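Enquirer: What the sequence shown shows, in the numbering used here, is residues 76 to 362, in sequence order. Cβ atoms here follow ideal geometry from the backbone N, Cα and C, with glycine treated the same way. Computed from a prediction, not measured in an experiment: that's the story for all the values here.
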Amino acid sequence: MAPESGRDHARAIVDAAHAWWTSNRGGSGDRAIAVGTLAALALCAPSRPDGPDYGPLLLPLDDEQLVDALRAGWNSFWIYDPDATEAARPLHDWLTAPTGTDIRGLADYARILVRAGLLEYCSDATRAESDDVLGLLIARMRSYSERQSTGEFFTPAMAADHMAEVLFSRDRRPGDLLLEPAAGTGTMARAAAATMRFAGTDPAAFHWWLNDLDPLNAACCAVNAQLWRLGRQVTVSCGDALNHPRLLGEAVLERAKKASAEQKARPVLYPTTTRPPFWPWQFVPPS
Numbered sequence: 076m077a078p079e080s081g082r083d084h085a086r087a088i089v090d091a092a093h094a095w096w097t098s099n100r101g102g103s104g105d106r107a108i109a110v111g112t113l114a115a116l117a118l119c120a121p122s123r124p125d126g127p128d129y130g131p132l133l134l135p136l137d138d139e140q141l142v143d144a145l146r147a148g149w150n151s152f153w154i155y156d157p158d159a160t161e162a163a164r165p166l167h168d169w170l171t172a173p174t175g176t177d178i179r180g181l182a183d184y185a186r187i188l189v190r191a192g193l194l195e196y197c198s199d200a201t202r203a204e205s206d207d208v209l210g211l212l213i214a215r216m217r218s219y220s221e222r223q224s225t226g227e228f229f230t231p232a233m234a235a236d237h238m239a240e241v242l243f244s245r246d247r248r249p250g251d252l253l254l255e256p257a258a259g260t261g262t263m264a265r266a267a268a269a270t271m272r273f274a275g276t277d278p279a280a281f282h283w284w285l286n287d288l289d290p291l292n293a294a295c296c297a298v299n300a301q302l303w304r305l306g307r308q309v310t311v312s313c314g315d316a317l318n319h320p321r322l323l324g325e326a327v328l329e330r331a332k333k334a335s336a337e338q339k340a341r342p343v344l345y346p347t348t349t350r351p352p353f354w355p356w357q358f359v360p361p362s
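(1) Going by CA-CA distance only, name the one from Asp128, Ala87, Trp153 and Pro278 that's closest to Ala340.
(2) Could you give the distance in angstroms between the alpha-carbon of Arg106 and the alpha-carbon of Ala293?
(3) Under 7 Å Cβ to Cβ from Gly210, same chain only, skipping five residues before and after it: list those, please.
(4) Leaving out five residues on either side along the sequence, give the residues of the same chain with a beta carbon under 6 Å from the beta carbon of Leu181.
(5) Is it right to say Ser205 is buried, meaning 16 or more other beta carbons lie within 10 angstroms of its own, or is it exposed?
(6) Is the separation between the beta-carbon of Phe281 and that of Pro256 shorter than 8 Å?
(7) Check the C-beta distance from Tyr196 over to Ala203 and give it rounded, since I have them as a contact under 8 Å.
(8) Would you call Ala363 buried or exposed, if buried means 16 or more other Cβ atoms sit within 10 Å of its Cβ?
(9) Quick one: give me the first and last residue of the alpha helix (DSSP H) that His282 is part of.
(10) Could you spell out the range, first to last residue, of the beta strand (DSSP E) harbouring Ser312?
(11) Please state if the CB of Leu166 and the CB of Val298 are separated by a distance shorter than 8 Å.
(12) At what residues does the alpha helix (DSSP H) containing Glu329 begin and finish?
(13) Measuring straight from C-alpha to C-alpha, what distance separates Pro78 and Val208?
(14) Are the segment 109-122 and the segment 309-316 touching by the rule of at least three beta carbon pairs closer than 8 Å?
(15) Is there contact here, the segment 264-281 with the segment 303-310, by at least three beta-carbon pairs under 8 Å?
(16) Would you identify the three-state DSSP class for Leu212, choosing helix, strand or coil?
(17) Can you look up Leu136 in the DSSP assignment and give me helix, strand or coil?
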């Protein structure tokens, strides 16, 4: 039974994920695999609560079969948005040639996530935007000393929600650019989108630019933009947005051109024998 509160549900998912990973994979190592697996399964969730239930198809899989299913999920994302998939590469690049150690117990980990209600959480837009499940897991897996060395601080959901209510209390025009130069995994964008939706405004009508210095954080922004239904006008970058904004913009344009050209030349990102999940939003925008 999923917690009634979306925020409690997100924390229950992360608690279950972190507990399994700590007990079976020895702490916070292989962070990209732990967070990347959660991200891939989240993207496989239907885009509406009454969509198809993929849980019974995922539960019986072994480690090798799960890797195949994860690849299929990223293939769907690659078809839908090659630039966002490229921005999310730190979350899925390990699938290119995973070792036996990389995939050890991964099917059990996926079962933990499915049974914790990850697919139900992500299929409900209101529930999914109540907290940042990817950011919560990353914060849990980073040690205090590691956060201190980078000056990283994960903004609690309640604080982000309050800031969004203050910032978006006045009218915003559709088409405005909303820039977050130190986005982390995007929790302020989540709060802003939730505030807009509550006020009857579609977040997909705005331009979003999410940037962070940490590649894994920026990759989570690319996935979260889909989970929070921010629409197709989303830019994700990784770099120093305060000191080198011009270089950042050039890098983003170059990545987008390269990803689009590569997607046309290579429609399938990873070879797989598994059918990709059906996404209604491949044909209808996420909003």
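Expert: This is what the structure gives:
(1) Numbered from 1 along the sequence shown, position 265 holds the residue referred to as residue 340. The candidate whose alpha carbon is nearest that of Ala340 is Trp153.
(2) Numbered from 1 along the sequence shown, position 31 holds the residue referred to as residue 106. Numbered from 1 along the sequence shown, position 218 holds the residue referred to as residue 293. Cα to Cα, the separation comes out at about 14 Å.
(3) The count along the sequence shown starts at 1 and reaches residue 210 at position 135. Counting only Cβ-Cβ distances below 7 Å, and skipping sequence neighbours, we find Phe229, Gly259, Thr260, Thr262 and Cys295.
(4) On the sequence shown, residue 181 is found 106 positions in, with the first residue counted as 1. Result list for Leu181: Asp138 and Leu141, in chain order.
(5) What you label residue 205 is simply residue 130 of the sequence shown in a count that begins at 1. The residue is buried, with at least 16 neighbouring Cβ atoms inside 10 Å.
(6) Against the sequence shown, residue 281 aligns to sequence position 206. Against the sequence shown, residue 256 aligns to sequence position 181. Result no, Cβ atoms of Phe281 and Pro256 do not sit closer than 8 Å.
(7) Position 121 of the sequence shown holds residue 196. Position 128 of the sequence shown holds residue 203. Their Cβ separation, rounded to whole angstroms, is 6 Å, which keeps Tyr196 and Ala203 in contact under 8 Å.
(8) Examination of residue 363 is not possible in this model, given that the chain is present from 76 through 362 alone.
(9) Within the sequence shown, numbered from 1, the residue matching residue 282 stands at position 207. Not the alpha helix (DSSP H): His282 falls in the beta strand (DSSP E), residues His282 to Asp287.
(10) Stepping through the sequence shown from its first residue, residue 312 is reached at position 237. Per DSSP, Ser312 belongs to the beta strand (DSSP E) from Val309 to Cys313.
(11) As a working note, residue 298 is residue 223 in the sequence shown. As a working note, residue 166 is residue 91 in the sequence shown. Contact flag set, yes.
(12) Here the question's residue 329 lines up with position 254 in the sequence shown. Per DSSP, Glu329 belongs to the alpha helix (DSSP H) from Pro320 to Ala340.
(13) Reading the sequence shown from its first residue, position 3 is the one you call residue 78. Reading the sequence shown from its first residue, position 133 is the one you call residue 208. The straight-line gap from Cα to Cα measures roughly 14 Å.
(14) In short, these stretches do not touch, since the Cβ pair count stays below three.
(15) As far as the Cβ criterion goes, the segment 264-281 touches the segment 303-310, which means the pair count is three or higher.
(16) Here residue 212 corresponds to residue number 137 of the sequence shown, with the count starting at 1. Here Leu212 sits in helix by DSSP.
(17) On the sequence shown, residue 136 is found 61 positions in, with the first residue counted as 1. Leu136 sits in coil when the DSSP states are folded into three classes, being neither helix nor strand.
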